[in-house]
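The next block holds one structure in the form of structure tokens; read it before the comments.
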Amino acid sequence: MFPNELVVIGIHSAKFPNERNDENLRKAILRYGVEHPVINDKDFGIWRLYGVRAWPTLVLIDPTGRIVGVHEGEITAEQLATVLRKLIAEAEAKGILDRTPVRFHKETPAKTPLRFPGKVLADAVHRRLFVADTGNHRIVVTDFDGKKMLTIGDGQEGLRDGSFESAQFNNPHGLALHGEHLFIADTGNHCIRLADLHRRTVTTIAGTGKLGRGFSQGGKARAVDLRSPWDVAYHAGKLYIAMAGSHQLWVMDLRQGTLFPFAGNGFEGIRDGAPTDAWLAQPSGLAVGDGVLYFADSETSAIRMANLQTGFVRTLVGVGLFDFGDRDGVGAAVRLQHPLGVCYHDGIVYVADTYNHKIKRLYPKTQACQTFAGSGKPGHKDGAQAEAQFDEPSGISYADGKLFVADTNNHAVRVIDLRQNIVRTLPME
């Protein structure tokens, strides 16, 4: 769209300290396939110069350098195209439009067995490991030793049902397993997909492929526009969905093929209470345990829980949208930094504290939260838990006395042995 009339420059004014690091920003650009230049406005100088008040903000500048439009919040491609056509026509009429192509160099990523894996799911029964190979738009299945068993998806970005060899995904993340049915949060396609491991087929079971706008009441699963589903969890015939884009938890009745909001009224923030009163903020990780749905509420750097019977939401750790850090403790004293993953085992919630590059251990009954693995310094180092290094771990799953971690920026799956208290990298073919 408008290849020779529009030049896009991204200004990255980060909320979280981890996002202000140049190297972390470079990895994020590679992860999301950004092709335009991005300026790291780590000190908010450009933010203040342009009087920005919200994420995201769009500023339109004409060929003479004059600001001709400002928009706060999200905007659809169609809405933007309408404005651009008018501005392009005006610039052309004035003779100031230069259609000389502008080209930018795009960094070629290194070849690795995985590319920015987002989530991981361990199947203790069959000793299988399902990895959302997010950057390669596919699901990789291995055994617990890393030996590849099969691949789901052809590795090309798209939305296509069919055989494992021909199906296509777009930045898949969350995974949930029930029998031989693997449920996949196909985040970039705003869909939920079902991989039948027996028939070796992929089917879209929820979402239209279009990004939802505004508040939705739900309905027939295939007719509802979803908003960035980030994780899924199965329980008693229902699939729970972390709908990050609408700041809600949703639930799908798999037998009836319907889905509806489960908790959260769509307002972004941290407020406990009944499902229609609670405020959430980009829930991105789910885990079921003891009649509770635990979730990582990423933008509030919180770990929260929703009762599976009533949907009532309660916060375990986390305070507000701008309260984050790296502090062990109890309840309101705890600080995390943008956690993306949780798993439940034996009364403990293990947390992928993503921007702190750590794995934390949270006790729901006492709300005590402690660093469990990782030095806090981004890197790739195996060994003793306290000395090991991760780089933005985003997914975590338990099986066979081990925690399997999707170590996103290291393009790897890490294994924490709970008996030996060591971290190792899972060798991948």
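Each residue of the sequence shown is one higher than the one before, starting from 21 at the first, in my numbering. C-beta: ideal position from N, C-alpha, C; glycine also. Everything numeric in this text was worked out from a predicted model, so none of it was measured.
- Segment contact: the stretch 192-207 against the stretch 242-257, three or more CB-CB distances shorter than 8 Å; contact assigned.
- Using a C-beta cut-off of 8 Å, the stretch 226-239 makes contact with the stretch 200-217, since at least three inter-stretch Cβ pairs fall below that distance.
- With a cut-off of 8 Å on Cβ pairs, the stretch 42-56 is not in contact with the stretch 89-108, counting fewer than three such pairs.
- K126 counts as exposed, since fewer than 16 other C-beta atoms from the protein chains shown sit within 10 angstroms of its C-beta.
- Looking at the DSSP output, P192 bridges to D206.
- Between T428 and F36, the CB-CB gap reaches or exceeds 8 Å.
- Considering only T445, A432 and G349, the residue with the shortest C-alpha distance to F392 is G349.
- Boundaries of the beta strand (DSSP E) around R444: I442 to T445.
- In the DSSP assignment, W250 falls within the unbroken beta strand (DSSP E) covering P249 to H255.
- Counting C-beta pairs closer than 8 Å gives fewer than three between the stretch 99-108 and the stretch 313-324, which falls short of the contact rule.
- A straight-line Cα-Cα distance of about 7 Å links G361 and S304.
- In this model, L246 and F280 are separated by some 11 Å (Cα to Cα).
- Within the model, the alpha-carbon separation for G93 versus T77 is close to 6 Å.
- Proximity of the stretch 137-150 to the stretch 403-420 meets the contact definition, three or more beta-carbon pairs being nearer than 8 Å.
- With distances taken between CA atoms, L149 lies nearest to G166 out of G115, G155 and G166.
- Short of 8 Å from the beta carbon of Q188, and not among the five residues preceding or following it, lie these beta carbons of its own chain, in chain order: H157, G173, D174, Q176, E177, G178, L179 and R180.
- Close CB contacts of Q409 within its chain, under the 8 Å cut and outside five residues either way in sequence, are with H377, G394, S395, K397, P398, G399, H400 and K401 (chain order).
- In terms of CA proximity to R147, K422 leads the group G265, H431, C389 and K422.
- A direct Cα-to-Cα measurement between V151 and N191 gives close to 12 Å.
- Between A262 and L306 the beta-carbon gap is near 5 Å, inside 8 Å, which marks them as a contact.
- Annotated three-state conformation of N327 is strand, per DSSP.
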